[in-house]
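When we follow this note's numbering, the leftmost residue of the sequence shown carries the number 2, and every step to the right adds one. Glycine included, each C-beta is placed from N, C-alpha and C at the ideal position.
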Amino acid sequence: MTLTVSDRIETMVEKSEISAAEAERFAAFVDRCNRELMTHPVITDNRYCAWFAGGDVARDDVRHFVVQFSVFSNLFLIAQLLKTINAGSLEGMRAGKEILANELGVIFNKPGVSLGDVDDTDREGDPDIVSIEGTVDGGTFRFRAAHFEWLVRMGSKLGLEFNDLGKRRHGTPATLFFCDQLAAIYGNKDPNIAEGASFAVENWAAAGFWKQLVAGLDAFKRAEQPDLPLAFFTWHDRIEEQHADHVMDELEELYFEDGFDEEKFIKGGIEMLHGTEAFWVGLDEHRIAARHGSS
């Protein structure tokens, strides 16, 4: 993945909204993001996800993965709440609430738009409880729309019960390190550090790991568990495709705001990517150890 400056910047110069020198500084900053953030191994060389996508996953692999992902998903709520509380603007707080409320079960609302008939609810989700467009403002809350509950339903097909999932006590040291880093960096009280972490997380999420996970789960489903619901992962894959289109728009807006600090932004991004990498390395080490008879 390579970040590029959009035509919007040239238009801003033409309209005298920013100077040519400011545009040049922004272009240099984007180059720096490409060098220091976009080359991180968790974006360019996620070995666990590459292995997972190959489909050679046993039931124990999938069970361990779902448990660890459920811990991340559930504890992410803490980080997202902190990000909302520590937002540097009303707009930033509202953006944080969009994610938090949707995670908790508020369905995105877009008047006039309906999912219509869904043929495969395992992949696309129940049309009554999911949407990838709109806003939580005016949306409907449903318990079954909470992202964690999707994982609970998935886990039930793997012999996992509610109390086997999502709790901190189930996390490995690597998973808990990732969750704690999310709270400390993504939810940081300094908006520059938090926004750098958010930018890094968005680019990690848009790098294709969701598609790799879906490929591996599809293979497992065909081979061993035909009734395994995949909506949690396929929904996130679809919504991250939308987010990827807006990552640079958000950076362009953020960069020209008063108080933007390049150094803190990059620092937050790098530290968050290190934390994210630890999660996947932990999963990879576990599956390798399991293959050799230890864990």
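**Request:** Please report how far the alpha carbon of F179 lies from the alpha carbon of L161, in whole angstroms.
**Result:** Position 178 of the sequence shown, counted from the first residue, corresponds to residue 179. Position 160 of the sequence shown, counted from the first residue, corresponds to residue 161. Taking the straight line joining both Cα atoms gives about 23 Å.
**Closest by C-alpha distance to F144, when choosing among L76, K158, V107 and G156** = Here residue 144 corresponds to residue number 143 of the sequence shown, with the count starting at 1. For F144, the nearest C-alpha among the options comes from V107.
**Request:** Quick one: give me the first and last residue of the alpha helix (DSSP H) that G156 is part of.
**Result:** Counting from one through the sequence shown, the residue named residue 156 turns up at place 155. In the DSSP annotation of this structure, the continuous segment of the alpha helix (DSSP H) that includes G156 starts and ends at H148 to S157.
**Asked** To the nearest whole angstrom, what separates the beta carbons of F66 and L284, a pair I think is in contact under 8 Å?
**Response** For the purposes of this step, residue 66 is taken as the residue at position 65 of the sequence shown. For the purposes of this step, residue 284 is taken as the residue at position 283 of the sequence shown. Contact flag correct, Cβ pair sits at about 7 Å.
**Prompt:** Which residues in the same chain have their Cβ closer than 7 Å to the Cβ of L83, if we skip the five residues on either side of it in sequence?
**Reply:** One-based indexing of the sequence shown puts residue 83 at position 82. Excluding residues within five positions, the ones whose Cβ falls inside 7 Å are A184 and G188.
**Prompt:** Got a sec? Which residues, its chain only, sit under 8 Å from F261 by beta carbon, not counting five neighbours each side?
**Reply:** The sequence position of residue 261 within the sequence shown is 260, counting from 1. Sequence-distant partners of F261 (beyond 5 residues in either direction) whose C-beta falls short of 8 Å from its own C-beta, in its chain, are N193 and L255.
**Asked** Which residue from T5, R48, E15 and H247 puts its Cα closest to that of F27?
**Response** Position 26 of the sequence shown, counted from the first residue, corresponds to residue 27. In terms of Cα proximity to F27, the closest of T5, R48, E15 and H247 is T5.
**Request:** Compute the distance between the beta-carbons of A147 and L101, then report whether it is under 9 Å.
**Result:** For the purposes of this step, residue 147 is identified with residue 146 of the sequence shown, where counting begins at 1. For the purposes of this step, residue 101 is identified with residue 100 of the sequence shown, where counting begins at 1. No, they are not a contact pair.
**Item:** Residue environment, H247, which counts as buried when at least 16 other CB atoms sit within 10 Å
**Value:** Within the sequence shown, residue 247 is the residue found at index 246, counting from 1. Per the 10 Å Cβ criterion, exposed.
**Asked** Where DSSP assigns a beta bridge to N314, which residues make up the other side?
**Response** Nothing about residue 314 can be reported from this structure: the residues present for the chain run from 2 to 296 only.
**Request:** Name the one or two DSSP bridge partners that F142 has.
**Result:** Mapped onto the sequence shown, residue 142 falls at position 141. Note: F142 sits in a beta bridge opposite V107.
**Asked** Helix, strand or coil: how does DSSP classify S17 here?
**Response** On the sequence shown, residue 17 is found 16 positions in, with the first residue counted as 1. DSSP, read as helix, strand or coil, puts S17 in coil.
**Reduced DSSP secondary structure (H/G/I, E/B, other) of F257** = The residue given as residue 257 occupies position 256 in the sequence shown. If DSSP states are grouped into helix, strand and coil, F257 belongs with coil.
**Asked** Are the beta-carbon atoms belonging to C34 and G270 less than 9 Å from one another?
**Response** Translated into the one-based positions of the sequence shown, residue 34 becomes position 33. Translated into the one-based positions of the sequence shown, residue 270 becomes position 269. Going by C-beta atoms, C34 is nearer than 9 Å to G270.
**Prompt:** Once you ignore the five residues that flank M13 on each side, which residues in its own chain have a CB closer than 6 Å to its CB?
**Reply:** Against the sequence shown, residue 13 aligns to sequence position 12. These residues qualify, in order along the chain: I19.
**Request:** Would you tell me roughly how many angstroms separate the C-alpha atoms of L214 and V58, rounded to the nearest one?
**Result:** Translated into positions along the sequence shown, residue 214 becomes position 213. Translated into positions along the sequence shown, residue 58 becomes position 57. CA-to-CA, the gap between L214 and V58 works out to about 11 Å.
**Item:** D285, DSSP secondary structure in three states
**Value:** Here residue 285 is taken as the residue at index 284 of the sequence shown, counted from 1. Annotated three-state conformation of D285 is helix, per DSSP.
**Asked** Who are the Cβ neighbours of T3 in its own chain at under 7 Å, not counting the five residues just before and after it?
**Response** The residue given as residue 3 occupies position 2 in the sequence shown. N35 and M39.
**Asked** Between the region 199–215 and the region 270–282, do at least 3 Cβ pairs fall closer than 8 Å?
**Response** Touching, per the Cβ criterion.
**Item:** Three-state class that DSSP yields for A88 in the structure shown
**Value:** Translated into positions along the sequence shown, residue 88 becomes position 87. It is coil, neither helix nor strand.
**Item:** Cβ distance (whole Å) where L152 is taken to contact F70 below 8 Å
**Value:** In the sequence shown, residue 152 corresponds to position 151, counting from 1. In the sequence shown, residue 70 corresponds to position 69, counting from 1. About 7 Å separates the CB atoms of L152 and F70; that is less than 8 Å, so the two are in contact.
**Message:** Quick check: the Cα distance between R95 and F109, rounded to an integer number of angstroms?
**Reply:** Counted from its first residue, the sequence shown places residue 95 at position 94. Counted from its first residue, the sequence shown places residue 109 at position 108. Straight-line Cα distance between these residues: approximately 14 Å.
**Prompt:** Around the Cβ of A54, are there at least 16 other Cβ atoms within 10 angstroms (buried) or fewer (exposed)?
**Reply:** On the sequence shown, position 53 is the one that residue 54 refers to. The Cβ neighbour count for A54, taken over all protein chains shown within 10 Å, is at least 16; the residue is labelled buried.
**Request:** Answer with yes or no whether the minimum CB distance from R33 to chain B is below 9 Å.
**Result:** Among the chains in the structure shown there is no chain B, since it carries only a single protein chain.
**Asked** Anyone know if the C-beta pair for F221 and V63 falls short of 9 Å?
**Response** Here residue 221 refers to the residue found at position 220 when the sequence shown is read from its first residue. Here residue 63 refers to the residue found at position 62 when the sequence shown is read from its first residue. Inclusion of F221 and V63 in the CB contact set at 9 Å is warranted, their separation being smaller than that value.
**Beta-carbon contacts of T122 that lie in its chain and below 6 Å, excluding the five residues immediately before and after** = Taking the sequence shown and counting its residues from 1, one reaches residue 122 at position 121. Caution is warranted here: a pLDDT of 47 is assigned to T122, below 50, making its placement in the model unreliable, and the coordinate value is therefore given only provisionally. So the list is empty, once near-sequence residues are dropped.
**Prompt:** Just how far apart, CA to CA, sit G294 and R288?
**Reply:** Taking the sequence shown and counting its residues from 1, one reaches residue 294 at position 293. Taking the sequence shown and counting its residues from 1, one reaches residue 288 at position 287. Straight-line measurement puts the Cα of R288 at about 10 Å from the Cα of G294.
**Item:** C-alpha distance - R9 paired with V31, whole-angstrom precision
**Value:** Sequence index remark: in the sequence shown, residue 9 carries index 8 (1-based). Sequence index remark: in the sequence shown, residue 31 carries index 30 (1-based). Rounded to whole angstroms, R9 to V31 spans 14 Å at the Cα level.
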